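For the sequence shown, the positions run 680 to 1019 when the numbering used here is used. For glycine and all other residues, C-beta sits at the position ideal for the given N, C-alpha and C. Since the model is a prediction, treat every value here as computed from it, not as a measurement.
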Amino acid sequence: MFQDHSHLLVDPYSHEVLELHIFQAENDNILDGIFINPTTQIIYPIISGVPIFIKNRIPEQFFIKHKVGILAHIRDEAFVLKQLSQEKKVFSFSKEWEIAHKDNAQKIWGIPLDERLQIHYTDTDTSESDQEGKLILDVGCGNGILCKALGEKGAKVYAIDYSTSVWNAQERMSHKNVCYIQADLHFLPFKNETFDIVYSNGVLHHTPNTENAFNQVASKVKTGGKYYVWLYKRGDTLKFNTFLYVTDGLRFVVNKLPDSIQENIIEFLVRLKIRFNKSKGRHEDTDVIRTDWYDTLTPTYKYYHTFEEAEKWFSKNKFTNIRQTHKNIYGIGILGEKAF
C-alpha cells in the first residue's frame, strides 16, 4: 500500500484513528508495518503491502520477523502474543480467485477487460471521464483486474476481500491508486459516508445475512454517492429453480468435504460440462467453468433475492433513484443514489 492511502483508514470496530508504523518500504510503498489502535493496543499488520483489518490475524512469522519493531510500540509481549493468528483456512474464494489469476489477467469471468469496464460504467451510471479523482470502494475485489483498470483511469480505489486472494491481486494488479485490504465487510476500516462510488459484485449473498451485509456497506457511501450491488436472484422458471434446488443440495455436502475431495468433484463436473458444451457446439473457457463450480458448490452461505426485496434495503438506507441496471439468468444488478 502507498502511504497516502493510510489517511482514510480507521479502526474497523471503533472507527478510532490509528497510528502507522512502517518496518519496510520502497519509497512511499509500504511493504511491511503495523497500524495500532492507541486506546485498545490492537494491532493490524501490513504484510507484503496488504493491511489486515481483522482482529487476531498477526501471522507468527510476521511477529518473529518484526518482533523488535512491534515491541518498541507495545511493551506487553503477552498481549501481542494473544493477537497471533489461529486461522488455518479462509473461505473457498481464495481457491476460486487463484484459478482466475492463472490466465493472462485480461478477462473477468471470461469477459474481456474493455467490455467489463463498459459494464461497470453502465452499472454505476458513470463514464470513463467520471473516474478521475473519485473515491471508490470495491467490496469483494477478487483478482483486482477491474480495480487496477479504474485506478489507471484516475480513481482512487480501496479494494476489500476477506480471502487471501488480495495478495494475488497486490502482486499482479498493483497500482499507485489502488489499496488492497483484507477485511470483513461487516467491519470496514473506513468512517461512514466516505466514498463516491461503492460496489459489491456477487459477494453480499455469501454472508450469513445479506441485508445486514448490505446495510454495513451502504453506510460507507457519501451523500450524493452511488451504491451498486449484484445479487443472485430467485429463479423465474421451474427448470432454473430445479437447478438451484439440486446444486444447493450438493453444496451442503461438498462445502463440508476436505479440499482435495472438493477439487476432485469439481474437476469431474468441469469435464462433464466441457463434454456437454462440445455436444452442443459451444465453447466456454475451462477456468471460467471451474471458477463457476467453485462459486456454486463451496460457499458456506448462498442466498437468492428479488429486485423488490433489495429495493426496500436501498430505501431504508435513504437511497433514491433505485433501478435495475441489468439482469441475467443468475442475478440482478441494482443501483441507488444516496439522498442529500
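Give the single residue among the options whose Cα lies nearest to the Cα of residue i.
{"i": "S842", "options": "T719, V882, G748, F922", "result": "V882"}
{"i": "S693", "options": "D707, I715, I709, I968", "result": "I715"}
{"i": "E1016", "options": "K995, H1005, I1008", "result": "K995"}
{"i": "A834", "options": "L825, Q849, L814", "result": "L814"}
{"i": "T999", "options": "Y906, G928, L948, D840", "result": "Y906"}
{"i": "K1006", "options": "K912, D927, P724", "result": "K912"}
{"i": "I733", "options": "Y878, T873, I839, T965", "result": "I839"}
{"i": "C638", "options": "S958, N891, V818, E807", "result": "Lying before the first or after the last residue shown, residue 638 is absent from the chain, which here runs from 680 to 1019."}
{"i": "L687", "options": "Q703, A751, I860", "result": "I860"}
{"i": "H984", "options": "D809, K901, A848, N888", "result": "N888"}
{"i": "N822", "options": "P868, T970, K959", "result": "T970"}
{"i": "L710", "options": "T803, Q849, I726", "result": "I726"}
{"i": "L794", "options": "C820, I824, E811, L816", "result": "One detail in the question is off: residue 794 reads as Glu in this sequence, not Leu. Among C820, I824, E811, L816, the Cα nearest to that of E794 belongs to I824."}
{"i": "Q849", "options": "H752, F681, L936", "result": "F681"}
{"i": "L936", "options": "N956, Y973, H885", "result": "Y973"}
{"i": "C820", "options": "Q895, A751, L864", "result": "L864"}
{"i": "G728", "options": "D938, E942, T902, R851", "result": "R851"}
{"i": "K717", "options": "I731, P730, E695, P724", "result": "As written in the sequence, residue 717 is Pro, which differs from the Lys given in the question. Here the closest residue by C-alpha is E695."}
{"i": "I945", "options": "T965, V900, S808, E807", "result": "T965"}
{"i": "K997", "options": "F922, Y837, T902", "result": "T902"}
{"i": "I721", "options": "V759, E705, G748, R754", "result": "V759"}
Excluding the 5 residues preceding and the 5 following residue i in the sequence, name in chain order all residues of the same chain whose CB lies nearer than 8 Å to its CB.
{"i": "E831", "result": "H854, N856"}
{"i": "L763", "result": "N735, I737, P738, E739, F742"}
{"i": "V769", "result": "Confidence is the limiting factor: at V769 the pLDDT is only 43, short of 50, which leaves the residue's position unreliable and the question unanswerable from this model."}
{"i": "Q765", "result": "N735"}
{"i": "H884", "result": "L910, Y911, Y980, K981, Y982, Y983, H984"}
Might you give, ordered along the chain, the residues of its own chain that have their beta carbon closer than 7 Å to the beta carbon of residue i, omitting 5 neighbours on each side?
{"i": "L699", "result": "S685, G712, F714"}
{"i": "S773", "result": "Only weak support exists for where S773 lies, its pLDDT of 48 falling under 50; the value from the coordinates is given anyway. Closer than 7 Å at Cβ, skipping near neighbours: S842, T843, S844."}
{"i": "F919", "result": "I1008"}
{"i": "L929", "result": "L976"}
{"i": "T979", "result": "N934"}
{"i": "E890", "result": "W992"}
{"i": "H752", "result": "H700, I715"}
Provide the residue span of the beta strand (DSSP E) that contains residue i, from first to last.
{"i": "A757", "result": "That residue, A757, is in no beta strand (DSSP E); its alpha helix (DSSP H) goes 756 to 760."}
{"i": "D817", "result": "814 to 818"}
{"i": "G830", "result": "Premise fails: G830 lies in the alpha helix (DSSP H), 824 to 831, not in any beta strand (DSSP E)."}
{"i": "A704", "result": "698 to 705"}
{"i": "F714", "result": "708 to 715"}
{"i": "N956", "result": "First-last for N956: 938 to 958, but that is the alpha helix (DSSP H), not the beta strand (DSSP E)."}
{"i": "R961", "result": "Counting along the chain, R961 falls outside any beta strand (DSSP E), and DSSP gives it neither H nor E."}
{"i": "L883", "result": "Premise fails: L883 is in no beta strand (DSSP E) and is neither H nor E."}
{"i": "I726", "result": "722 to 726"}
{"i": "E1016", "result": "1010 to 1017"}
{"i": "H676", "result": "In this structure the chain extends from 680 to 1019, so residue 676 is not present and cannot be described."}
What span of residues does the alpha helix (DSSP H) with residue i cover, start to end?
{"i": "R736", "result": "From DSSP, R736 is part of no alpha helix (DSSP H); its letter is neither H nor E."}
{"i": "T926", "result": "917 to 933"}
{"i": "G748", "result": "746 to 750"}
{"i": "V967", "result": "965 to 976"}
{"i": "T801", "result": "792 to 802"}
{"i": "T889", "result": "889 to 897"}
{"i": "F993", "result": "986 to 995"}
{"i": "Q849", "result": "844 to 851"}
Label residue i either buried or exposed according to how many other C-beta atoms from any shown protein chain fall within 10 Å of its C-beta, with 16 as the threshold for buried.
{"i": "N880", "result": "buried"}
{"i": "K962", "result": "A small correction: the amino acid at residue 962 is His; Lys does not occupy that position in the sequence shown. So H962 ends up on the exposed side."}
{"i": "K767", "result": "Residue confidence for K767 is low, a pLDDT of 48 falling below 50, so the modelled location carries little weight; the figure read from the coordinates is stated next. With fewer than 16 other Cβ atoms within 10 Å, it is exposed."}
{"i": "L917", "result": "exposed"}
{"i": "T719", "result": "exposed"}
{"i": "N783", "result": "With a pLDDT of 47 at N783, under the threshold of 50, the modelled position of this residue cannot be trusted, and the question is left open."}
{"i": "Y924", "result": "exposed"}
{"i": "I940", "result": "exposed"}
{"i": "K810", "result": "In the sequence under discussion, the amino acid at residue 810 is Gln, which differs from the Lys named in the question. Classification for Q810: buried."}
{"i": "F893", "result": "buried"}
{"i": "T886", "result": "buried"}
{"i": "K746", "result": "exposed"}
{"i": "F947", "result": "exposed"}
{"i": "F816", "result": "Looking at the sequence shown, residue 816 is not Phe but Leu. Under this definition L816 is a buried residue."}
{"i": "L951", "result": "exposed"}
{"i": "F656", "result": "For the chain, the structure presents residues 680 to 1019; residue 656 sits outside this window and is missing."}
{"i": "A757", "result": "exposed"}
{"i": "S771", "result": "Interpretation of S771 is limited by its pLDDT of 44, a score under 50 that renders its predicted location unreliable; no figure is taken from the coordinates."}
Apart from the five residues just before and just after residue i, which ones in its own chain have a Cβ nearer than 6 Å to its Cβ?
{"i": "N871", "result": "S898"}
{"i": "T805", "result": "none"}
{"i": "D875", "result": "K813, L814, G904"}
{"i": "G1010", "result": "W909, L910, Y911, K912"}
{"i": "I1001", "result": "E990, F993, G1015"}
{"i": "W776", "result": "Because W776 sits at a pLDDT of 45, beneath the cut-off of 50, its placement in the model cannot be relied upon, and the point is left open."}
{"i": "Q703", "result": "L710, D711"}
Below 8 Å on the Cβ atoms is my contact criterion, and I expect residue i with residue j to pass it. Report the Cβ-Cβ distance as a whole number of Å.
{"i": "L697", "j": "D707", "result": "Not really, about 18 Å apart at Cβ, beyond 8 Å."}
{"i": "G1012", "j": "W909", "result": "5 Å"}
{"i": "D927", "j": "K981", "result": "7 Å"}
{"i": "T801", "j": "Y878", "result": "Incorrect: roughly 12 Å between the Cβ atoms, too far for contact."}
{"i": "F1019", "j": "Q1003", "result": "Between Q1003 and F1019 the Cβ distance is about 23 Å, and since that is not below 8 Å, they are no contact."}
{"i": "A828", "j": "L796", "result": "6 Å"}
Relative to the ligand MG, is the shortest distance from any of its heavy atoms to the C-beta of residue i smaller than 7 Å?
{"i": "E987", "result": "Within the structure as shown, the ligand MG is missing, as the structure has no ligands at all."}
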